[in-house]
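Worksheet for the structure shown next.
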Amino acid sequence: MKLRLIFLLTIILFSLSNAYAAEPKEAHFPSLISSLRPSTPLTFCGEKVPIEIQNIRERLEKELLLTLWDRPQVILWLKRSSRYLPIIEKMLKENKLPEDLKYIAIAESALRPHVSSKRGAIGFWQFMRQTGIKYGLTINEHIDQRRNLLASTQAAIRYFEELYQKFGSWTLAAAAYNMGDEGLMAEILEQETDSYYLLYLPIETQRFVFRVISAKLIFSNQEKYGFFLSEEHYYPPLEFDRIHLNCSQDIPIRVIARAAKTHFKVIKDLNPEIRGHYLTKGGHQILIPKGSAKGFHSRYQDLLKDWLASKKDFVYIVKKGDNLSSIADRFGVPLAALIIWNKLDLKAHIYAGDRLIIYSKEVKNGDTD
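Here the working numbering is used: the first residue of the sequence shown is 226, the next is one more, and so on.
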C-alpha cells in the first residue's frame, strides 16, 4: 500500500514539473545590486545626475530600492501610463518642455486624478489650491480642475516654465515645484550653492528628485527591473470627443450621459473635475465617449426639454412641520436622493412654502395631502 502511494505521488510530482517546464518563463526578478548600476550616464531633463559622488549615489539607490520594493504600485504605474502619458508627452512637446517632466506626475500622484495629500494638494500634478488658481485652474465647490488631466497639465507646464526661467535649471525647477520657489531661493542664497544635489533641503524635497529619477529609470528599462508587460497588460488609452456646453442652469449629469449614449459614471470618469451630480450654470468644455459627439447637441436639447418639463410635474410644496427626513419617508424615497434632486445638504433648513422636486408617483398624481 505504501509503495503504491509513493508511486502515485511520484507520478503527480513528475506531471506537475513537466507542466511547469512547458510554461514560458516571462519574468524573473533581477539582482537588486545589478539593478542599481545605470548602464548609461544618468540625466534628468538633459542635466547630469552626478552619481559618481558617493552621497548622491546612495540617495538615488535608496529611492530606487524603495520604489522597486513596492512592485504592485510600479505595475499600476506602468499599466496606467498608456492611458495618460501620451497626452502629457504631447502637451510637453507642443510647449517645448523636456519629456522627463512627465515622471513628476508619476511621482506626485501615481497618475491618479483624485489622490490628495495631507497638506491639501490634489490631482495628477498635486496642485495646492492657491497655486492651481494662480496658474489658471478653476477650483470651487462645483469644479476642481486639479483633477482634470488636460487643464492641470497645462497649468503645470506654465508653472514649470516660470520656475525654469527663475532658476535656470530643470532639476531646481523640480525641487521648487515640490517645496515652493521662495523657500528654495532662500536656501540657495543662504547655503551659497545652486546645485540641488549639494543643497540641504526639507527631507521630502531632498528625496523628491531622486524619486522622479527612479521612475525614469524603471520606465526606461522595465525588463531590467523585472517588469515584463505585454501590450494587452496596459490599460487602453483615453479616447474621447470634446464638446462645449452652455448651461442656462445647473444640469444633471444623468441628462448629459443620456445625450452621450452612456452612463453617469463614464461622464464622471472622463471629467473627474466635476464634483457632485450637476454641471453648473455657465460654459463648460467636457469630454464624452469617442464617437458620441455626432448628434449629441440635438439629443441633449430634446432631453433637456423633457427634464425641464418633468420638473413641473414633480413639485411638492413644503408644509408646516415638514422636514427632509419626514418628507422622504412619506413619499418612499431615499433621503440622499431628495438631497441630490434639490441640490441640498444634510444641514439644509426648509420652510413652509418651499418647493421641492420629488420624483414620486404620489407627487406627480397630486396626492400630497
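Glycine residues also receive a C-beta, built at the ideal position from the N, C-alpha and C atoms.
Excluding sequence positions up to five before and after Y384, its CB lies within less than 6 Å of the CB of Y360, all in the same chain and listed in chain order. Pairing I312 with L362 gives a Cβ-Cβ distance that is not under 9 Å. Here R344 is exposed. Its C-beta has fewer than 16 other C-beta atoms within 10 Å. One thing to note: R372 has its Cβ no nearer than 9 Å to the Cβ of P275. Per DSSP, V540 is one residue of the beta strand (DSSP E) stretching across V540 to I542. Annotation for T418: L424 place their beta carbon closer than 8 Å to its own, counting only its chain and skipping 5 residues before and after. In the three-state reduction of the DSSP assignment, T363 falls in the coil class. Taking 8 Å as the upper bound for CB-CB distance, I492 and I513 are in contact here, some 7 Å apart. Beta bridge pairing from DSSP links S445 with no other residue. For I542, the number of other beta carbons within 10 angstroms of its own is below 16, and it is reported as exposed. Around the beta carbon of A562, fewer than 16 other beta carbons sit within 10 angstroms, so the residue counts as exposed. Per the coordinates, the alpha-carbon of Y503 lies some 25 Å from the alpha-carbon of W350. Judged by pairs of C-beta atoms under 8 Å, the stretch 526–546 does not touch the stretch 395–409, as fewer than three such pairs exist. Boundaries of the beta strand (DSSP E) around L470: F465 to C472. The three-state reading of DSSP puts K391 in helix, counting H, G and I together. Note on the stretch 490–550: whole beta strand (DSSP E) runs with a minimum of 3 residues are 507–514 and 540–542, in chain order. Classified as exposed, W294 has fewer than 16 neighbouring CB atoms from the shown chains inside 10 Å of its CB. Residues of the same chain with their beta carbon placed closer than 6 Å to that of R555 are lacking, with the five preceding and five following residues left out of the count.
With contacts defined as CB atoms closer than 9 Å, F392 and L414 fail to qualify as a contacting pair. Between the stretch 279–292 and the stretch 421–438 there are three or more C-beta pairs closer than 8 Å, enough to call the two in contact. Your pair I300 and F435 does not check out as a contact, with CB atoms roughly 21 Å apart and the cut at 8 Å.
The closest CA to that of Q298, considering only L322, P266, D369 and I443, is found on I443. Of the candidates T505, G520 and Y460, the residue whose Cα lies closest to the Cα of R483 is G520.
In the structure shown, I582 falls within a strand segment according to DSSP collapsed to helix, strand and coil. T268 is bridged by DSSP to K273. Following the DSSP letters along the chain, one finds G405 in no alpha helix (DSSP H), marked with neither H nor E. In this structure, I583 places its C-beta atom within 9 Å of the C-beta atom of V540.
The C-alpha of G501 lies about 7 Å from the C-alpha of H367.
K441 sits close to Y328, with the two beta carbons spaced by under 9 Å.
When the five nearest sequence neighbours on each side are left out, the beta carbons in the same chain lying within less than 7 Å of the beta carbon of S550 are those of L560, in order along the chain. C-alpha of E412 to C-alpha of L426: approximately 7 Å in a straight line. Within the same chain, and ignoring the five residues on either side of A330 in sequence, the residues whose Cβ sits closer than 7 Å to its Cβ are I313, L336, F349 and W350.
Between F352 and L310, the alpha-carbon positions lie close to 18 Å from each other. By the neighbour-count criterion, in which 16 or more other beta carbons inside 10 Å mark a residue as buried, I428 falls on the exposed side. Per DSSP, the beta bridge partners of S341 are I347. When DSSP states are grouped into helix, strand and coil, I575 belongs to the coil group.
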